[in-house]
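S.K.: Below you'll find the structure I mean.
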Amino acid sequence: MTSTDDFKFGATLGEGSYSTASHPSPQCDKKRKVTHIMTGQLYALKILEKSHLIRNNKMYVAIAERNALAALGGGHPGIVRLHSTFQDECRLYFVLDLARNGEMKSLLTKLGSLSLPCTRYYAAQLVDTIEYMHSKGVIHRDLKPENLLLDENNRMKICDFGTGKILETGVDRAQTWVGTAQYIAPELLEAKETSKSSDFWALGCIIYQFIAGRFAFQGLSDFLTWQKIKKLEYSFPEGFDDEAKDLIQKLLVREPAERLGVGSPGSENDIQALKDHHFFTSINWEKIWVCPPPPLEAGL
Numbered sequence: 001m002t003s004t005d006d007f008k009f010g011a012t013l014g015e016g017s018y019s020t021a022s023h024p025s026p027q028c029d030k031k032r033k034v035t036h037i038m039t040g041q042l043y044a045l046k047i048l049e050k051s052h053l054i055r056n057n058k059m060y061v062a063i064a065e066r067n068a069l070a071a072l073g074g075g076h077p078g079i080v081r082l083h084s085t086f087q088d089e090c091r092l093y094f095v096l097d098l099a100r101n102g103e104m105k106s107l108l109t110k111l112g113s114l115s116l117p118c119t120r121y122y123a124a125q126l127v128d129t130i131e132y133m134h135s136k137g138v139i140h141r142d143l144k145p146e147n148l149l150l151d152e153n154n155r156m157k158i159c160d161f162g163t164g165k166i167l168e169t170g171v172d173r174a175q176t177w178v179g180t181a182q183y184i185a186p187e188l189l190e191a192k193e194t195s196k197s198s199d200f201w202a203l204g205c206i207i208y209q210f211i212a213g214r215f216a217f218q219g220l221s222d223f224l225t226w227q228k229i230k231k232l233e234y235s236f237p238e239g240f241d242d243e244a245k246d247l248i249q250k251l252l253v254r255e256p257a258e259r260l261g262v263g264s265p266g267s268e269n270d271i272q273a274l275k276d277h278h279f280f281t282s283i284n285w286e287k288i289w290v291c292p293p294p295p296l297e298a299g300l
C-alpha cells in the first residue's frame, strides 16, 4: 500500500484552493515535489487535510477533482495526470504529474504579457485540451493562468479540477457557484448555471490577459467586477491585434450558445470553426504537442 514513506520530499510547489498546512512537517504542505524512492520518478504530491475539508464542507471538492481526473484518464498531454491516490488518518494524497516550469501566472507576472506567437501557441493548446475535456463530459469551471502549468518543455497542462464537473449524459449544464471573479461567465452570475460554454468564456478572458497583461474585467471589488461582466464592459488597449480582438469578441458573448466553439458539429460556431479562426491560421493542429513553443517573450 502506498504511503508517504515511499517518497522523498522536495520543494514546496504551491497552495491549492482547498488544501491547507497546519504543521511545519513535510506531509502538511499543500503541494510538494517528491521523488519516488524505488523508481526515482518525480511527481507533484498534492496534500489535503481531512479536518480542513470536513470543517469547511469541502470534501466534495476533493472528490470532484479525483473523479474528473479519473474520467479524463491521463489520455491527453494538456491535462495533469493523476497517477494514484492514497490516504492516512489525517490527510488525502494525490500523486500528479510534475510540471517543472510552474504556473502560467508566474510567467505572466515575469513578462507582463505574452507575445502574439506565444499567445497563439498556448491558446491553441488550451483549445485542444478543452475539446478533449468536453468530449469526456468534463467541464473545468475555473480556467485561469494559475491553473495552467508548464512542463519541462514549456507545454501547457491544465490542473486543479476541484471545481470540475462530470456532466451526466444528456445534461449540458451544472448549477453550482464556482469560479474566480475575473473569469466568471455571465450565466453563473445571472442564473447560477455553468456549462461547457463557460470554459470558452474563460478562454476568451485568458487570451485577452495573455496579450494585454491585464484582466478583461476588473473592478475595485468582486461585485463591481461582476457588474462589468454582466454589461460586457471591457475595452482593448491600443495596439491589440485585430485577429485576436475578433476571436475574443466571439468568445466573450453574453448568450452561452452563441460563443465560438460551443455549437453542434457542422454549425457556424462549432469547435472546428474556433480552430479555423484567422487567429489560428498558422497553427498545425496535428503537431501542437510536438512542436516546441516560440521564444517566451512579452507582448504589449
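Taking UniProt numbering, the leading residue of the sequence shown gets 1, the next gets one more, and so forth. For glycine and all other residues, C-beta sits at the position ideal for the given N, C-alpha and C. All figures in this text were calculated on a predicted structure; none of them were measured in a lab.
Is DSSP giving GLY170 helix, strand or coil here?
M.R.: Residue mapping note: residue 170 aligns to position 170 of the sequence shown, counting from 1. Any reading at GLY170 must be qualified, since the residue scores a pLDDT of 46, below 50, and its modelled position is unreliable; no value is offered.
S.K.: Under the assumption that ASP142 contacts THR129 (Cβ atoms under 8 Å), give the Cβ distance between them as a whole number of angstroms.
M.R.: Counted from its first residue, the sequence shown places residue 142 at position 142. Counted from its first residue, the sequence shown places residue 129 at position 129. In fact, because the Cβ distance is near 14 Å, the residues do not count as touching under 8 Å.
S.K.: Rounded to whole angstroms, what's the CA-CA distance from ALA191 to TYR60? Just pull it up for me.
M.R.: Here residue 191 refers to the residue found at position 191 when the sequence shown is read from its first residue. Here residue 60 refers to the residue found at position 60 when the sequence shown is read from its first residue. Looking at the two C-alpha atoms, the distance is approximately 22 Å.
S.K.: If I measure Cβ to Cβ from TYR43 and keep anything under 6 Å in the same chain, skipping five residues before and after, which residues do I get?
M.R.: Translated into the one-based positions of the sequence shown, residue 43 becomes position 43. If we look at TYR43 and ignore the five residues flanking it on each side, its Cβ neighbours are VAL34, VAL95 and LEU98.
S.K.: Between the C-alpha atoms of PRO26 and PHE9, what's the straight-line distance to the nearest angstrom?
M.R.: Translated into the one-based positions of the sequence shown, residue 26 becomes position 26. Translated into the one-based positions of the sequence shown, residue 9 becomes position 9. Low confidence applies here, because PRO26 scores a pLDDT of 40, under 50, leaving its location unreliable; read the following figure in that light. Each residue's alpha carbon lies about 7 Å from the other.
S.K.: Leaving aside the five residues before and after GLY74 along the sequence, list all residues of the same chain whose C-beta is less than 6 Å from its C-beta, in chain order.
M.R.: As a first step, residue 74 is located in the sequence shown; it is residue number 74 there, counting from the start. So the list reads ARG81, once near-sequence residues are dropped.
S.K.: With the cut-off set at 8 Å, would you say ASN67 and PRO293 are in Cβ contact?
M.R.: Here residue 67 corresponds to residue number 67 of the sequence shown, with the count starting at 1. Here residue 293 corresponds to residue number 293 of the sequence shown, with the count starting at 1. Going by C-beta atoms, ASN67 is not nearer than 8 Å to PRO293.
S.K.: What residues are listed by DSSP as bridge partners for ILE79?
M.R.: On the sequence shown, residue 79 is found 79 positions in, with the first residue counted as 1. In DSSP, ILE79 forms a bridge with ILE158.
S.K.: Mind the definition here: the segment 276 to 286 touches the segment 211 to 226 only if three or more C-beta pairs lie below 8 Å; say whether that holds.
M.R.: These segments do not touch.
S.K.: From LEU251 to GLY204, what distance separates their C-alpha atoms?
M.R.: Residue mapping note: residue 251 aligns to position 251 of the sequence shown, counting from 1. Residue mapping note: residue 204 aligns to position 204 of the sequence shown, counting from 1. Their backbone Cα atoms lie some 5 Å apart in a straight line.
S.K.: Would you mind reading off the limits of the beta strand (DSSP E) that contains ILE271?
M.R.: The residue you call residue 271 lines up with position 271 of the sequence shown. Segment 271 to 275 is the alpha helix (DSSP H) holding ILE271; no beta strand (DSSP E) there.
S.K.: Starting from SER115, follow its DSSP beta bridges and name the residues at the other end.
M.R.: By 1-based counting over the sequence shown, the position of residue 115 is 115. SER115 is not bridged to any residue.
S.K.: Going by DSSP in three states, SER264 sits in which element: helix, strand or coil?
M.R.: Translated into positions along the sequence shown, residue 264 becomes position 264. Reduced to three states, the DSSP call for SER264 is coil.
S.K.: Quick check on HIS140: does DSSP put it in helix, strand or coil?
M.R.: Within the sequence shown, numbered from 1, the residue matching residue 140 stands at position 140. It is coil, neither helix nor strand.
S.K.: Which residue wins for smallest C-alpha separation from VAL290, given the options TYR122, GLY112 and HIS52?
M.R.: If you number the sequence shown from 1, residue 290 lands on position 290. It is TYR122 whose Cα lies nearest to the Cα of VAL290.
S.K.: Given ILE288, which residues of its chain have a CB within under 8 Å of its CB, disregarding the five upstream and five downstream residues?
M.R.: Position 288 of the sequence shown, counting from 1, holds the residue named residue 288. The residues are TYR121, ALA124, GLN125 and ASP128.
S.K.: Can you give me the start and stop residues for the alpha helix (DSSP H) that ARG91 sits inside?
M.R.: Numbered from its first residue, the sequence shown carries residue 91 at position 91. Where ARG91 is concerned, there is no enclosing alpha helix (DSSP H), although the beta strand (DSSP E) it sits in stretches over 91 to 96.
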